[in-house]
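In this note's numbering, the protein residues as written are 15 to 204.
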């Protein structure tokens, strides 16, 4: 299996870097925004795409590190103030411990809802030492979730930057060859 991967990577490498796909500035720009613009001699546009890519990467990686630290902070806070064993817990568990003072409160409510499959066992227990600490924890967890949600937008911005860079390289390539790109919207009735 490992030999097949190396063979595939070798073939891919020859295709990309010989006279294959990476000889085209559009493909270069899709792969690394600004690369195709540099290849076509438009340094200003290349710099803008490269700076956008670099900024989004730095912001995204920084947000990811901050989010990781926030998760560790709220987990250790819950261990200290609610007696939670933090290993192997899913996101639903963290949401639930922020909404209930103890696993017994949670279990009693879900028994009333006739949801016995959702009950927590003794290995998943928690008891908040105060309502104030539970609310602090809940706010910490929500802030972490919001940051994770924002990271998805940063990833979307990175993908969009690659697409727009490829389209821009195509435009520059066509205009360099003397071809023009026209958009003529029309409405067809009936």
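For each residue, glycine too, the CB sits at the ideal point set by N, CA and C.
| request: For residue 186, count neighbouring C-beta atoms within 10 Å of its own C-beta (all shown protein chains included) and say buried if the count is 16 or more, exposed if not. | output: It is buried - the Cβ of residue 186 has at least 16 other Cβ atoms within 10 Å.
| message | Distance check for residue 152 and residue 144, CA to CA, integer angstroms please. | response | 13 Å
| message | Can you look up residue 114 in the DSSP assignment and give me helix, strand or coil? | response | coil
| In angstroms, rounded to a whole number, what distance separates the CA positions of residue 165 and residue 155? | 15 Å
| query | In whole angstroms, what is the alpha-carbon distance linking residue 81 and residue 136? | reply | 29 Å
| query | By how many angstroms is the C-alpha of residue 168 removed from the C-alpha of residue 118? | reply | So the alpha carbons of these two residues sit roughly 40 Å apart.
| message | Using only the alpha-carbon positions, how far apart do residue 96 and residue 120 sit? | response | 14 Å
| said: Given this structure, state the Cα-to-Cα distance separating residue 54 from residue 183, to the nearest angstrom. | reply: 8 Å
| query | In whole angstroms, what is the alpha-carbon distance linking residue 100 and residue 90? | reply | 8 Å
| said: Only counting the same chain, and skipping five residues up and downstream in sequence, which positions put a Cβ closer than 8 Å to that of residue 40? | reply: 50, 180, 183, 184, 187
| message | Less than 7 Å between C-beta atoms, sequence neighbours within five positions excluded: which residues of the same chain meet that for residue 110? | response | 120
| query | Once you ignore the five residues that flank residue 139 on each side, which residues in its own chain have a CB closer than 6 Å to its CB? | reply | 117
| Proximal residues to residue 161 (C-beta, below 8 Å), its chain only, five neighbours per side dropped | 77, 80, 81, 84
| DSSP three-state assignment for residue 203, whether helix, strand or coil | In this structure, residue 203 counts as coil in the three-state DSSP scheme.
| Can you list, in chain order, the residues of its chain whose CB lies under 6 Å from that of residue 44, leaving out five sequence neighbours each side? | 176, 180
| C-alpha gap between residue 61 and residue 131, whole angstroms | 56 Å
| How long is the line joining the alpha carbons of residue 114 and residue 92, rounded to whole angstroms? | 12 Å
| query | Three-state secondary structure (DSSP) at residue 134? | reply | coil
| task | Could you please give me the residues that DSSP links to residue 141 through a beta bridge? | result | 116
| query | residue 203: buried (16+ other C-beta within 10 angstroms of its C-beta) or exposed? | reply | Residue environment for residue 203: exposed (fewer than 16 other C-beta atoms within 10 angstroms of its C-beta).
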